[in-house]
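Enquirer: Pasting a structure here, questions to come.
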Amino acid sequence: MAAALRIGVLDGDDIGLEVVPAAVEVARAAAYRHKVDIDWRKLPIGRRALDTHGHTLPPSTMEELRRLDGWILGPIGHRAYPKQPNAINPHPILRKDFDLFANVRPTRSYPDIGCLHQGVDLVIVRENNEGFQPDRNMLAGSGEFRPNDDITLSVRVITRKASYRVAKAALELARARRKHMTFVHKDTVFKLGCGMFVEECRRAAAEYPDVKVDDVIVDTFAMRLVRDPQTFDVVVTTNMFGDILSDEAAGIVGGLGMAPGLCIGEGNVAMAQAVHGSAPDIAGKGIANPYSMIESTRMLLEFLGVSRGRPEAVAAAADISKAVTAALADPKARTGDIRGTGNTATFTRAVLDNLG
Ligand code: NAD
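Here the sequence shown stands for residues 3 to 358, numbered as in our numbering.
Dropping the structure here:
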């Protein structure tokens, strides 16, 4: 018998304590039905880990993660952390340390939940580890600095390696979908930075003659995403553009409750991480939409099933998709942010009830 898949569970903060357990409950039930053997490992992280282990990312958690196939990371409410050296935002470190270079963020419309358009089915693949993000684009020091009180400089890092491999990840995805990949940039202004990204996207695209490839300048893309989101399949872009555009894409299909994500890397490990933050404004009320986290976890199961040759995990992921679609169609089950009268528990229950 194949070894159990080892999956870590890191709740995160605020609504993470509600939506991560919901996602695990759904994944456990689907795995049980499809005979997927999973060894779940709960690991401390975030504000609660600061209290129990003296650090928001305890060394024991990092050690344990190295032994896993993948993990589920709940949202991190780092803006509310106390100002002290052990209270850091863990997710840039996780993305960097495990070389999780591609952040795969799907956007899909469903009927009756308040989407601005129907027929939307696109994926934004965001470069994850360089670009403008000063907390992850340097080995040491920060990508932002202030020579004097009137000047701030922010460094943007673009490398051939990161641009090429994120473009390849997007092309692979496009090949498995509608065979259309769009790369988004602003080489009209960032002639060197975006220019290099464009060169590497073209170099990668030459290896995929079966995929239709085009490019759009980022400001035009932001407009077209609102007007004609149905015209896109897989979109690849640099870190900061991808961060902003994937939230915009979420807004088109019902908001951050409808925005899943999976970070994937060289080492074949993956981290399920929804686009949304820890939503402290609604935490503890039981009303957070668990769709993003359930769907991120489903993507992890599918990824592990494909990459480890475990068809039963792929089947469990397909079962979750079907059950989620059915649950979203029930206004009494779904949450208030997507025109429902239910809550976290009713939606989770409806997904569980609709598993095959
Ligand atoms: P947020 O994404 O937490 O919330 C923005 C708005 O969307 C809020 O009104 C919130 O109630 C709503 N929302 C988010 N997720 C929802 C869900 N599942 N169901 C229903 N409504 C949902 O962004 P914010 O308020 O700017 O940030 C809160 C905290 O999260 C901050 O500490 C921030 O730094 C952190 N953050 C973390 C991540 C991450 O861990 N990946 C991402 C973004 C923000």
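The C-beta atom is built at its ideal place from N, Cα and C for all residues, glycine as well.
Comparing C-alpha positions only, which one of Thr-58, Ala-206, Val-220 sits nearest to Lys-214?
Expert: For Lys-214, the nearest C-alpha among the options comes from Ala-206.
Enquirer: Between the C-alpha atoms of Arg-50 and Leu-96, what's the straight-line distance to the nearest angstrom?
Expert: When rounded, the distance between both Cα atoms is 18 angstroms.
Enquirer: Please check the pair Arg-110 and Val-122, which I expect to be a contact at CB under 8 angstroms, by giving their CB distance rounded to whole angstroms.
Expert: So it is a contact: roughly 6 angstroms between Cβ atoms.
Enquirer: Taking three-plus beta-carbon pairs below 8 angstroms as touching, is the stretch 31-38 in contact with the stretch 349-357?
Expert: The stretch 31-38, when compared against the stretch 349-357, does touch it at the 8 angstroms Cβ threshold.
Enquirer: Could you pull the DSSP bridge partners for Lys-85 from this structure?
Expert: According to DSSP, which records beta bridges pairwise, Lys-85 is partnered with nothing at all.
Enquirer: Roughly how many whole angstroms lie between the Cα atoms of Ala-335 and Gly-307?
Expert: If I take the Cα positions, the gap works out to 29 angstroms.
Enquirer: Less than 8 angstroms separating the beta-carbons of Ala-318 and His-36?
Expert: Closer than 8 angstroms, so yes.
Enquirer: Indicate the three-state DSSP secondary structure (helix, strand or coil) for Ser-298 in the structure shown.
Expert: Three-state result, Ser-298: helix.
Enquirer: Ignore the nearest five residues each way along the sequence and tell me which others in Arg-8's own chain have a CB closer than 7 angstroms to its CB.
Expert: Within the same chain, Arg-8 has close Cβ partners Asp-41, Arg-43, Arg-69, Leu-70, Asp-71.
Enquirer: My output table needs one value for Ala-281: the three-state DSSP class, helix, strand or coil.
Expert: The answer is coil: DSSP assigns Ala-281 none of H, G, I, E or B.
Enquirer: Could you tell me how far apart the beta carbons of Ser-294 and Pro-262 are, in whole angstroms, since I believe they sit closer than 8 angstroms?
Expert: With 8 angstroms as the limit, Ser-294 and Pro-262 qualify as a contact, their Cβ atoms being about 5 angstroms apart.
Enquirer: So is the beta-carbon of Pro-1 under 7 angstroms away from any non-hydrogen atom of the ligand NAD?
Expert: Residue coverage of the chain in this structure runs from 3 to 358, which leaves residue 1 outside it and unanswerable.
Enquirer: Relative to the ligand NAD, is the shortest distance from any of its heavy atoms to the C-beta of Asn-291 smaller than 7 angstroms?
Expert: Yes - the ligand NAD has a heavy atom lying nearer than 7 angstroms to the Cβ of Asn-291.
Enquirer: Return yes when the C-beta of Gln-275 is under 7 angstroms from any heavy atom of the ligand NAD, and no when it is not.
Expert: The answer is yes for Gln-275.
Enquirer: Using CA atoms only, rank isn't needed, just tell me which of Lys-163, Val-106, Pro-94, Tyr-166 is closest to Arg-138.
Expert: Nearest option by C-alpha distance: Pro-94.
Enquirer: Cβ of Gly-279 within 7 angstroms of any heavy atom in the ligand NAD?
Expert: Yes, the ligand NAD has a heavy atom inside 7 angstroms of this Cβ.
Enquirer: Are there 16 or more other CB atoms within 10 angstroms of the CB of Thr-240, so buried, or fewer, so exposed?
Expert: So Thr-240 counts as buried.
Enquirer: CA-CA distance, Thr-348 and Ile-322?
Expert: Cα to Cα, the separation comes out at about 16 angstroms.
Enquirer: If you scan the stretch 186-224 from start to end, which runs of the alpha helix (DSSP H) of 4 or more residues do you find wholly inside it?
Expert: 195-207, all fully within the stretch 186-224.
Enquirer: Check this for me: beta carbons of Phe-134 and Val-186, under 8 angstroms apart or not?
Expert: Going by C-beta atoms, Phe-134 is not nearer than 8 angstroms to Val-186.
Enquirer: Quick check on the DSSP output: the alpha helix (DSSP H) that includes Thr-109 runs from which residue to which?
Expert: It is not in any alpha helix (DSSP H) - Thr-109 instead sits in the beta strand (DSSP E) that spans 104-110.
Enquirer: Check whether the Cβ of Asp-283 sits closer than 7 angstroms to any heavy atom of the ligand NAD, and report yes or no.
Expert: Within the cutoff, so yes.
Enquirer: Taking C-alpha atoms, which residue in Gly-358, Val-228, Glu-304 lies nearest to Leu-124?
Expert: It is Val-228.
Enquirer: Per DSSP, what are the beta-bridge partners of Ala-272 in this structure?
Expert: Paired residues: Gly-72, Ile-266.
Enquirer: What is the DSSP secondary structure of Glu-146, reduced to helix, strand or coil?
Expert: Residue state, collapsed to three classes: strand.
Enquirer: Answer with buried or exposed for Lys-193, where buried requires no fewer than 16 other C-beta atoms within 10 angstroms of its C-beta.
Expert: With fewer than 16 other Cβ atoms within 10 Å, it is exposed.
Enquirer: Give the straight-line distance between the Cα atoms of Ala-285 and Thr-327, rounded to the nearest whole angstrom.
Expert: When rounded, the distance between both Cα atoms is 25 angstroms.
Enquirer: Can you tell which of Gly-18, Val-38, Val-26 has its C-alpha closest to the C-alpha of Gly-48?
Expert: It is Gly-18 whose Cα lies nearest to the Cα of Gly-48.
Enquirer: Any heavy atom of the ligand NAD closer than 7 angstroms to the Cβ of Val-21?
Expert: At least one heavy atom of the ligand NAD is nearer than 7 angstroms to the Cβ of Val-21, so yes.
Enquirer: Could you pull the DSSP bridge partners for Gly-344 from this structure?
Expert: Note: Gly-344 sits in a beta bridge opposite Thr-337.
Enquirer: Rounded to whole angstroms, how far is the Cβ of Ile-340 from the Cβ of Ile-115, which I believe are closer than 8 angstroms?
Expert: That belief holds up - the Cβ atoms of Ile-340 and Ile-115 are roughly 4 angstroms apart, short of 8 angstroms.
Enquirer: State the DSSP-derived secondary structure class of Val-353, mapped to helix, strand or coil.
Expert: Note: Val-353 maps to helix in three-state DSSP.
Enquirer: What's the C-alpha gap between Ala-320 and Glu-304?
Expert: Each residue's Cα considered, the two are about 8 angstroms apart.
Enquirer: Met-260 by DSSP, collapsed to three states: which one?
Expert: DSSP places Met-260 in helix when its eight states are reduced to three.
Enquirer: What separation, rounded to the nearest whole angstrom, lies between the Cα atoms of Ala-325 and Gly-358?
Expert: Cα-Cα distance, rounded: 8 angstroms.
Enquirer: Is the distance from the Cβ of Ala-331 to the Cβ of Val-236 below 8 angstroms?
Expert: No, these two residues do not count as a Cβ contact at 8 angstroms.
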